[in-house]
Amino acid sequence: MKSLNSIYLALFMLITTVGYAQLPELQFYRENGKVGLNQFETSKENTVEFDGVKVRVGGDFAIQMQGLSQSNDLVGDTLVELSSNFNLPAANLNLDVQFADGVRMHLRTYLSSRHHEEAWVKGGHLQLDNLDFINEGFLAGVMEIVTLRFGMDQINYGDAHFRRSDNAAAIYNPFVGNYIMDAFTTEPFGEITVQKNGLIGVVGFSNGRLNQSPEPGDDGLVSYGKLGFDKQMNDDLRFRITGSWYMSSDSGTRDYLYAGDRAGARYYRVMNAFNDMRVADFEPRFNPRFDYRT
């Protein structure tokens, strides 16, 4: 029996090693693991040669031990008592496909989340760093500094979304939970990013809607962008500064910039009142509910 267990263990290690060795490398790609820490926009320096269509299937899993306490001295406004225990786990399914040289697709599905019991697609996008699929050398000089992104996914507003927890994908976030004002939303968008000598420029457009509908009533247009500088000065110093804007038209009824996360907050039952029986999946976040007038 002991020798049989040893054989099973050896086979498992062999399969795991072979599977890891065959993990395809993708162009202009931010790694999902710790290699992707402290990365922002994908670099225009391509170190991966295209040799055919590649498909990478991956996932994220997160279960956290929460040890928080809370109190409120206001009479009649008692917060629920918390104890140290595990929260419900969350999981993501990630699909990344290299279709052609400089053409990559990303799709993420939330398999389980605090806010949804069922699996559902968070979003996806197509990223173009090369236009050789149209004609070899087409706009080659322009595409040396330009990246195009299209899809229904998170927009490149600000820098916080590069290090936030995205449901089960929490390895980029040292605090597990996201900011109280979480600048994150998933919308249909088209985006142009320019990077040269450390300078960064982003311009994008969206309809400003989280949930899509063909019915009239919300025909808004959102423009957003970013300007910044990002450079590794030496082995010990990296300097990055950016500023972003988000502008909506008067035809929109609501902006989701601080209400776009549908996975739920990572701190459970925090800021819930003792007599409040509803499950507030997004507490303790604050949504300023910006719209055209504000």
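So the sequence shown is numbered by my numbering: it starts at 15 and just counts up by one.
From the three backbone atoms N, C-alpha and C, an ideal C-beta is built for every residue, glycine too.
Please read these numbers as outputs of a predicted model, since none were measured by experiment.
Give me, in chain order, the residues of the same chain whose beta-carbon lies closer than 6 angstroms to that of K136; leave out the 5 immediate sequence neighbours on both sides. R122, Y124
Nearest-angstrom Cα distance between E132 and M261? 33 angstroms
Could you check where the beta strand (DSSP E) with A76 kicks off and where it finishes? 68-76
Nearest by alpha-carbon distance to F42: which of P228, S57, M119 is it? S57
Residue from A76, A277, S237 whose Cα sits closest to the Cα of G222: S237
At the level of alpha carbons, what is the spacing between S98 and H120? 36 angstroms
In chain order, what are the residue ranges of uninterrupted beta strand (DSSP E) at least 3 long that sit wholly in the segment 189-265? 200-210, 213-220, 236-248, 251-262
Taking contact to mean at least 3 C-beta pairs separated by less than 8 angstroms, is the segment 198-208 in contact with the segment 156-176? yes
Round the Cβ separation of D295 and A279 to the nearest angstrom and send it over; I've been treating them as touching at under 8 angstroms. 7 angstroms
Own chain, CB closer than 8 angstroms to D115, minus 5 neighbours either side, in chain order: Q41, F64, N144, D146, F147
For F64, name the three-state secondary structure that DSSP assigns. coil
Identify the residues that DSSP records as bridge partners of D110: which are they? R70, H120
Start and end residues, beta strand (DSSP E) containing V156: Segment 154-157 is the alpha helix (DSSP H) holding V156; no beta strand (DSSP E) there.
Of the listed residues Y171, D180, M247, L251, nearest to F219 (C-alpha basis): Y171
Suppose you measure from the CA of L37 to the CA of E229; what does that come to, to the nearest Å? 44 angstroms
Let me make sure I understand the geometry here. Which of A154, M195, I255, K68 has the alpha-carbon closest to that of F300? M195
Using the beta-carbon count (16 or more within 10 Å), is S318 buried or exposed? The chain is shown from 15 up to 308; residue 318 falls before or after that span and cannot be answered.
Check whether the Cβ of V190 sits closer than 7 angstroms to any heavy atom of the ligand ADP, and report yes or no. Ligands in the displayed structure: none, and consequently the ligand ADP is not present.
Backbone CA spacing between P298 and Y281 [nearest angstrom]: 8 angstroms
Cβ shell of F75 (< 7 angstroms), same chain only, five flanking positions each side left out: P103, A105, A182
By DSSP, does D100 sit in helix, in strand, or in coil? Sequence check: residue 100 is Phe here, not Asp. Here F100 sits in strand by DSSP.
Among H129, L213, G191, which residue has its Cα nearest to the Cα of K245? L213
Where the beta strand (DSSP E) containing H139 begins and where it ends: 134-142
Counting along the chain, where does the beta strand (DSSP E) carrying M285 start and finish? Looking at the DSSP string, M285 is not in any beta strand (DSSP E), and its letter there is neither H nor E.
Please determine, among N286, N46, Q168, F189, the residue with the shortest C-alpha to C-alpha distance to Q78. F189
Nearest to Q141 by alpha carbon, out of A184, L241, F113? F113
Closest residue to G242 among G72, E95, E59, V216 (Cα-Cα distance): V216
Of the residues N52, G155, S83, F288, the one placed nearest V89, counting alpha carbons only: F288
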